[in-house]
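Asker: Protein chains in written order, with this note's numbering: chain L, 17 to 117; chain H, 71 to 227. Don't be surprised by glycine CBs; every beta carbon is placed ideally from N, CA and C. Here's a structure for you.
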Amino acid sequence: MGVRIEAEESTVKAFLDGEIDHHCAPLIRSEIDTAVDDKHPEALIMDFGDVTFMDSSGIGLVMGRYRLMKSIGGRVCLQNTPAHIKKVMRLAGMDRFTNFI
Amino acid sequence: MSDVLNEMRVLLPSQSVNEAVARRVVTAFAMQTDPTACELADIKTAVSEAVTNSIVHGYRGTKGNIEIIMRILEGDIFYIRVKDRGCGIKDVKKAMEPLYTTASEEERAGLGFAVMESFMDSVSVRSTVGKGTCVTMKKRILSRSLVRAGAAEDERH
Chain L
17 MGVRIEAEES TVKAFLDGEI DHHCAPLIRS EIDTAVDDKH PEALIMDFGD
67 VTFMDSSGIG LVMGRYRLMK SIGGRVCLQN TPAHIKKVMR LAGMDRFTNF
117 I
Chain H
71 MSDVLNEMRV LLPSQSVNEA VARRVVTAFA MQTDPTACEL ADIKTAVSEA
121 VTNSIVHGYR GTKGNIEIIM RILEGDIFYI RVKDRGCGIK DVKKAMEPLY
171 TTASEEERAG LGFAVMESFM DSVSVRSTVG KGTCVTMKKR ILSRSLVRAG
221 AAEDERH
């Protein structure tokens, strides 16, 4: 499991890969939060294209980043979300407060 | 009680690295039922939630073992029991409410049981404070061959 960060002027993109569970969520959280603290972007884009598994730890991860971005007046977008991961996200009603792109 | 066609027991220490190990073991065992990718993902996710609950809540701040019993029951039923000897749950009904969590500082969403209930056909939780928690789940596997046969049948109509 890992995360690759790409920071542009007003956007931080986090490309996640592998499995997201309780074991590896803190590392991903820390990498993303460091980039957000550094850049203060308008948008945080989380890309799930290479994620092969996610349980509710991933929901906690997205919700936490949503709160972080809200605190600096920004927004969170989720992109390339595989079907099964979208199923977990919809269960949490996450489509109500984040953007799927 | 359905006949047990196959069974596997695993004992794992409550280390978070074993969440992935549990998923892999359960996947290997469940493969014999010829599940669809979606069914397998449902099982993996439900098991991951149960094992994570044992680690995060059952053995919070302590270490112990998690016992996983998997069975294939007659009628294409996948059965799994995840048992710990941790602190137990005082109010199971409350713990199963969506968004309820006792670990919000760790960004736990409080959706573990909601995921298990949504992705499996049945979930039952037995827990005694100070003794531990046992989560039993079942899911009927519509094998790929049956799904394919159904699709072919649909095409004919």
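1. Counting contacts by CB-CB distance shorter than 9 Å, is Arg91 (chain L) in contact with chain H?
2. Across which residues does DSSP place Asp154 (chain H) in a beta bridge pair?
3. Assuming Asp53 (chain L) is part of the alpha helix (DSSP H), what are its boundary residues?
4. Residues bridged to Pro168 (chain H) by DSSP?
5. Cβ of Gly202 (chain H) within 8 Å of any heavy atom in the ligand FMN?
6. Whole angstroms are fine: how far does the CA of Asp73 (chain H) sit from the CA of Thr103 (chain H)?
7. Closer than 8 Å is the cut-off here; do at least three beta carbon pairs connect the segment 97-113 of chain L with the segment 148-155 of chain H?
8. Anything in chain H within Cβ reach of Leu84 (chain L), meaning under 8 Å, just list it in chain order.
9. Of all the options L:Ile101, L:Asp63, L:Ser46, L:His100, which has the alpha carbon lying nearest to the alpha carbon of Thr27 (chain L)?
10. What number of angstroms, rounded off, separates the C-alpha of Asn123 (chain H) from the C-alpha of Glu58 (chain L)?
11. Say whether the segment 140-150 of chain H touches the segment 82-101 of chain H, bearing in mind that this needs 3 or more beta-carbon pairs closer than 8 Å, one atom from each stretch.
12. Within its chain, find whatever has a CB closer than 8 Å to the CB of Met186 (chain H); leave out the 5 residues flanking it on each side and keep chain order.
13. Could you work out which residue in H:Tyr129, H:Gln85, H:Lys114 is closest to Met190 (chain H) when comparing CA atoms only?
14. Taking 9 Å as the CB-CB limit, is Asp53 (chain L) close to chain H?
15. Per DSSP, what kind of secondary structure is Ile159 (chain H) in: helix, strand or coil?
16. Mind checking Thr114 (chain L): buried by the 16 CB within 10 Å criterion, or exposed?
17. Please report how far the alpha carbon of Ser188 (chain H) lies from the alpha carbon of Glu24 (chain L), in whole angstroms.
18. Roughly how many whole angstroms lie between the Cα atoms of Val195 (chain H) and Tyr170 (chain H)?
19. Which word fits Cys108 (chain H), buried or exposed, when buried means at least 16 other C-beta atoms lie within 10 angstroms of its C-beta?
Answerer: Here's the rundown:
1. Nearest CB-CB separation between Arg91 (chain L) and chain H: not below the 9 Å threshold.
2. For Asp154 (chain H), the pairing in a beta bridge is given by DSSP as H:Ile136, H:Thr203.
3. Run containing Asp53 (chain L): 41-55, per the alpha helix (DSSP H) assignment.
4. Looking at the DSSP output, Pro168 (chain H) shares a beta bridge with no other residue.
5. With respect to small molecules bound, the structure shown includes none, and the ligand FMN cannot be examined in it.
6. Each residue's Cα considered, the two are about 15 Å apart.
7. These segments do not touch.
8. Neighbours of Leu84 (chain L) on chain H: none; closest Cβ ~11 Å, over 8 Å.
9. Cα-wise, what sits closest to Thr27 (chain L) is L:Asp63.
10. Their Cα atoms are separated by approximately 35 Å.
11. Output reads yes: the segment 82-101 of chain H touches the segment 140-150 of chain H.
12. So the list reads Ala116, Glu119, Ala120, Val193, Val205, Met207, once near-sequence residues are dropped.
13. Comparing C-alpha distances from Met190 (chain H) to each of H:Tyr129, H:Gln85, H:Lys114 shows the shortest one belongs to H:Lys114.
14. Not a single CB atom of chain H sits nearer than 9 Å to the CB of Asp53 (chain L).
15. Collapsing the DSSP output to three states places Ile159 (chain H) in coil.
16. Using a 10 angstroms sphere on the CB of Thr114 (chain L), the tally of other CB atoms reaches 16 or more, which defines it as buried.
17. Straight-line Cα distance between these residues: approximately 39 Å.
18. Taking the Cα positions, Val195 (chain H) is about 16 Å away from Tyr170 (chain H).
19. Residue burial annotation: Cys108 (chain H) is exposed, with fewer than 16 other C-beta atoms found within 10 angstroms of its C-beta.
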